[in-house]
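K.L.:
Line order of the protein sequences matches chains X and V.
Okay, so the first sequence: first residue is 90 according to the working numbering, each after it adds one.
Okay, so the second sequence: first residue is 1072 according to the working numbering, each after it adds one.
First, the structure itself, so that you have it in front of you.
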Amino acid sequence: MAKITYIEHDGKSHTIEVANGLSVMEGAVQNNIPGIDADCGGSMACATCHVYVKEEWFNKLPKKEDGEDDMLDMAFEPKKNSRLSCQLMVTDQIEGLVVNLPEKQV
Amino acid sequence: MIKTDALIIGAGPTGLFTAHQLKLIGLSCEIVDNLDKIGGQCIELYPDKPIYDIPAIPECTGEELTNNLIKQLKPFNIKFHLSERVEEVKKNNENWHVKTNKGTEFSTPNIIIAGGVGSFEPRKFSPKECEKFENKSIFYAIKDKSIFKGKTVSIFGGGDSALDWAIELSNDSKVNLVHRRDEFRGAQATVDKMNELVKINKINLLTKYQLKSVSSKDNLESIEIEHDNKEIKNLKTDYVLGFFGLIMQLGPIANWGLNIDKKTISVDTEKFETNQKGIYAVGDICTYPGKLKLILSGFHEGALAARACFKLARPNEKYRFEFTTSSKSIKDRLGVKE
């Protein structure tokens, strides 16, 4: 279980508890947090669960696997701290994670 | 005006199998898809990724699944309308009147939406002012490459499309290739070829840059690109090309008076009919209690929607359930010799 904060593009913040084993994307979708589309359902086949990870967190998370950066090439306004939230698995270690949502996904 | 018993929107696995089910029970159908090829997400998003949960097929890729579905449809001569998007759906007496963006018109009692997450559209540049130049000096696909001859072309992207066009256009144009990171997802041979052209100054490669703004009076004159470290560079350019892959957008489906929630369409689980009589939704785009976004669910949904179509297409006949193993008429339709 970890507390995760999702900050919408307009600054609106949602902090929720997400169970271990779910992805950061699933945490948002199951709690109706707007701004994460997840069109492909978490199979890393689209780039519509794109988030910006706060700098202090970016290096603490497991590194991107093959293919994630390829998908991020297709995201809306990718940045250095971009991740696909379907690839971020929730564990106790990410308690307090803060992600910012882009202006839009598609 | 094309008359058909059913019109399928979407040529992904669900649309293809639904066509099979319609033809099996003796109905005619045609398929429209916005992509230029058959296969939907299977072919566009994961042609090489293995799928492990298609019943009786232990493992197959998106491309193999598509090819097998096309093979299964071979006995039937099905007309595909590719690179066309359905724009308008209107009720005309008992039938639906359907119109595509290319002007093709259909009259049909049944529309089956097997549209996945919507139609694939190119991912566009984010600065708003880019819209003004779209299809004039900013392109997301190339129809006529001769317009670039002797001009400066700035190409954005890191996949095969961006690399192939950078290589091709470097023959007769001054090419800037701009990508957001150092790695390219294109085929290694293509990346190598591009790097050779960079070495001999045929391609000006700029990595870790993204488009920041375009400046113009009437015509596009130059663009600003921004580095990861915020440094801004001005590039004089005549044309800008963006190859960021395709994204899925619900598009005109949203305007047909259907119950839509979070990009999915509510249906019943008997006919997979929407709130509009004669319009069905199957596959990833439909939703109902317990819905699973699996390809196998799409096959089931298509089979039931096809039977529902029979009622409206043949109001004076009674549908009789038959097995492919034993039915003479089904075997005739399949062209199977006893």
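By construction, the Cβ of each residue, glycine as well, lies at the ideal position given by its N, Cα and C atoms.
Remember, predicted model here, so these are calculated numbers, not experimental data.
Compare the C-beta of M1319 of chain V with all C-beta atoms of chain X and state if any pair is closer than 8 Å.
P.N.:
For the purposes of this step, residue 1319 of chain V is identified with residue 248 of the second sequence, where counting begins at 1. It does: the Cβ of M1319 of chain V has a partner Cβ on chain X nearer than 8 Å.
K.L.:
In terms of residues, what are the limits of the beta strand (DSSP E) holding Q1281 of chain V?
P.N.:
Against the second sequence, residue 1281 of chain V aligns to sequence position 210. Where Q1281 of chain V is concerned, the enclosing beta strand (DSSP E) stretches over 1280 to 1287.
K.L.:
Give me whichever residues DSSP pairs with W1167 of chain V in a beta bridge.
P.N.:
Locating residue 1167 of chain V in the second sequence gives position 96, where the first residue counts as 1. DSSP lists V:K1162, V:T1179 as partners of W1167 of chain V.
K.L.:
Measure from the C-beta of E1254 of chain V to each C-beta in chain X and report whether the shortest distance is under 8 Å.
P.N.:
By one-based count along the second sequence, residue 1254 of chain V stands at place 183. Chain X, which has a Cβ nearer than 8 Å to the Cβ of E1254 of chain V, makes this yes.
K.L.:
So if I threshold CB-CB distances at 7 Å, which residues from the segment 1178 to 1208 of chain V count as touching chain X?
P.N.:
Residues passing the 7 Å Cβ filter: V1188, R1194, S1197.
K.L.:
For L1116 of chain V, return the contacting residues in chain X, with the cut-off set at a CB-CB distance below 7 Å.
P.N.:
One-based indexing of the second sequence puts residue 1116 of chain V at position 45. By Cβ distance, chain X contributes C129, A134, C135.
K.L.:
Could you tell me the alpha carbon to alpha carbon distance between Q1112 of chain V and L1098 of chain V, rounded to whole angstroms?
P.N.:
On the second sequence, position 41 is the one that residue 1112 of chain V refers to. On the second sequence, position 27 is the one that residue 1098 of chain V refers to. Each residue's alpha carbon lies about 26 Å from the other.
K.L.:
Taking a cut of 7 Å between CB atoms, which residues from the segment 160 to 175 of chain X lie near chain V?
P.N.:
Residues D162, M163, F165, E166, P167, K169.
K.L.:
Would you check if there are 3 or more beta carbon pairs closer than 8 Å linking the segment 1206 to 1217 of chain V to the segment 1302 to 1314 of chain V?
P.N.:
The answer is yes - the segment 1302 to 1314 of chain V touches the segment 1206 to 1217 of chain V, with three or more Cβ pairs under 8 Å.
K.L.:
Quick check: K101 of chain X and G185 of chain X, are their CB atoms within less than 8 Å of each other?
P.N.:
The residue you call residue 101 of chain X lines up with position 12 of the first sequence. The residue you call residue 185 of chain X lines up with position 96 of the first sequence. No, the Cβ-Cβ distance between K101 of chain X and G185 of chain X is not below 8 Å.
K.L.:
Can you tell me the Cα-Cα spacing of K149 of chain X and K143 of chain X, whole angstroms?
P.N.:
Here the question's residue 149 of chain X lines up with position 60 in the first sequence. Here the question's residue 143 of chain X lines up with position 54 in the first sequence. Approximately 10 Å between the Cα atoms of the pair.
K.L.:
Does the beta carbon of V195 of chain X sit closer than 8 Å to a beta carbon anywhere in chain V?
P.N.:
Residue mapping note: residue 195 of chain X aligns to position 106 of the first sequence, counting from 1. It does: the Cβ of V195 of chain X has a partner Cβ on chain V nearer than 8 Å.
K.L.:
Whose Cβ in chain X lies nearer than 9 Å to the Cβ of D1299 of chain V?
P.N.:
Locating residue 1299 of chain V in the second sequence gives position 228, where the first residue counts as 1. Going along chain X in sequence order, the residues near D1299 of chain V (Cβ under 9 Å) are K168, K169.
K.L.:
Is there a C-beta anywhere in chain V that falls below 8 Å from the one on D158 of chain X?
P.N.:
Taking the first sequence and counting its residues from 1, the one referred to as residue 158 of chain X is at position 69. By this cut-off, D158 of chain X is an interface position.
K.L.:
Out of curiosity, what's the CA-to-CA distance linking L1106 of chain V and D1403 of chain V?
P.N.:
As a working mapping, residue 1106 of chain V is identified with position 35 in the second sequence. As a working mapping, residue 1403 of chain V is identified with position 332 in the second sequence. Straight-line Cα distance between these residues: approximately 32 Å.
K.L.:
Step through the CB atoms of chain X and report whether any lies within less than 8 Å of the CB of K1364 of chain V.
P.N.:
Here residue 1364 of chain V corresponds to residue number 293 of the second sequence, with the count starting at 1. It does; some Cβ of chain X falls within 8 Å.
K.L.:
Beta strand (DSSP E) containing G1373 of chain V: first to last residue?
P.N.:
Position 302 of the second sequence, counting from 1, holds the residue named residue 1373 of chain V. G1373 of chain V -> not in any beta strand (DSSP E); alpha helix (DSSP H) instead, spanning 1366 to 1384.
K.L.:
Straight-line CA distance for T1137 of chain V to K1120 of chain V?
P.N.:
Residue 1137 of chain V sits at position 66 when you count from the first residue of the second sequence. Residue 1120 of chain V sits at position 49 when you count from the first residue of the second sequence. C-alpha separation (whole angstroms): 12 Å.
K.L.:
Give me whichever residues DSSP pairs with K92 of chain X in a beta bridge.
P.N.:
Position 3 of the first sequence, counted from the first residue, corresponds to residue 92 of chain X. The partner list for K92 of chain X (beta bridge, DSSP) reads X:E106.
K.L.:
Does G1316 of chain V come within less than 8 Å of chain X when only Cβ atoms are used?
P.N.:
Taking the first residue of the second sequence as position 1, residue 1316 of chain V is located at position 245. Yes, G1316 of chain V counts as interfacial toward chain X.
K.L.:
For R1251 of chain V, which residues in chain X fall below 7 Å Cβ to Cβ?
P.N.:
The count along the second sequence starts at 1 and reaches residue 1251 of chain V at position 180. Those are D162, P167, listed as they occur along chain X.
K.L.:
On the CB-based measure, 16 or more other CB atoms within 10 Å of its CB, does V1407 of chain V come out buried or exposed?
P.N.:
Residue numbering aside, residue 1407 of chain V sits at position 336 when the second sequence is read from its first letter. Exposed.
K.L.:
Buried or exposed: where does R172 of chain X fall if 16 or more other Cβ atoms within 10 Å of its Cβ makes it buried?
P.N.:
Translated into positions along the first sequence, residue 172 of chain X becomes position 83. So R172 of chain X counts as buried.
K.L.:
Mind checking if G1354 of chain V is an interface residue toward chain X, Cβ cutoff 8 Å exclusive?
P.N.:
As a working mapping, residue 1354 of chain V is identified with position 283 in the second sequence. Answer no: the Cβ-Cβ gap between G1354 of chain V and chain X never drops below 8 Å.
K.L.:
In angstroms, rounded to a whole number, what distance separates the CA positions of K1108 of chain V and V1249 of chain V?
P.N.:
Position 37 of the second sequence holds residue 1108 of chain V. Position 178 of the second sequence holds residue 1249 of chain V. Approximately 28 Å between the Cα atoms of the pair.
K.L.:
Does G1111 of chain V get closer than 8 Å to chain X when you measure Cβ to Cβ?
P.N.:
Looking up residue 1111 of chain V in the second sequence gives position 40. Chain X, which has no Cβ nearer than 8 Å to the Cβ of G1111 of chain V, makes this no.
K.L.:
Can you tell me whether E1344 of chain V is buried or exposed, with buried defined as 16 or more other CB within 10 angstroms of its CB?
P.N.:
Locating residue 1344 of chain V in the second sequence gives position 273, counting from the first residue. E1344 of chain V is buried by the Cβ-count criterion.
K.L.:
Roughly how many whole angstroms lie between the Cα atoms of T1075 of chain V and H1168 of chain V?
P.N.:
Taking the first residue of the second sequence as position 1, residue 1075 of chain V is located at position 4. Taking the first residue of the second sequence as position 1, residue 1168 of chain V is located at position 97. Their Cα atoms are separated by approximately 11 Å.
K.L.:
Just reading off the beta strand (DSSP E) that N189 of chain X is part of, what are its end residues?
P.N.:
The residue labelled residue 189 of chain X in the question sits at position 100 within the first sequence. Per DSSP, N189 of chain X belongs to the beta strand (DSSP E) from 186 to 189.
K.L.:
Do the segment 1240 to 1256 of chain V and the segment 1214 to 1231 of chain V make contact, defined as three or more Cβ pairs closer than 8 Å?
P.N.:
Yes, the segment 1240 to 1256 of chain V touches the segment 1214 to 1231 of chain V.
K.L.:
Closer than 8 Å between beta carbons: that is the criterion. Which residues of the segment 1222 to 1241 of chain V meet it against chain X?
P.N.:
Under the 8 Å Cβ criterion, the segment 1222 to 1241 of chain V contributes G1228, G1229, G1230.
K.L.:
Within the chosen definition, does the segment 1294 to 1304 of chain V reach the segment 1255 to 1274 of chain V through at least 3 CB pairs nearer than 8 Å?
P.N.:
Taking 8 Å as the limit for Cβ pairs, the verdict is that the segment 1255 to 1274 of chain V does not touch the segment 1294 to 1304 of chain V.
K.L.:
Secondary structure at L1234 of chain V, three-state DSSP: helix, strand or coil?
P.N.:
Numbered from its first residue, the second sequence carries residue 1234 of chain V at position 163. If DSSP states are grouped into helix, strand and coil, L1234 of chain V belongs with the helices.
K.L.:
Out of V:D1289, V:E1205, V:V1285, V:L1317, state which residue places its alpha-carbon closest to the alpha-carbon of K1304 of chain V.
P.N.:
As a working note, residue 1304 of chain V is residue 233 in the second sequence. Among V:D1289, V:E1205, V:V1285, V:L1317, the Cα nearest to that of K1304 of chain V is on V:V1285.
K.L.:
Let me check understanding here. Comparing Cα to Cα, which of V:G1081, V:E1302, V:L1365, V:T1261 lies closest to K1410 of chain V?
P.N.:
Any property of residue 1410 of chain V remains undetermined from this structure, which presents chain V solely from 1072 to 1409.
K.L.:
Apply the 10 Å Cβ neighbour rule to K1334 of chain V and answer buried if 16 or more other Cβ atoms are within range, or exposed otherwise.
P.N.:
Taking the second sequence and counting its residues from 1, one reaches residue 1334 of chain V at position 263. Result: buried.
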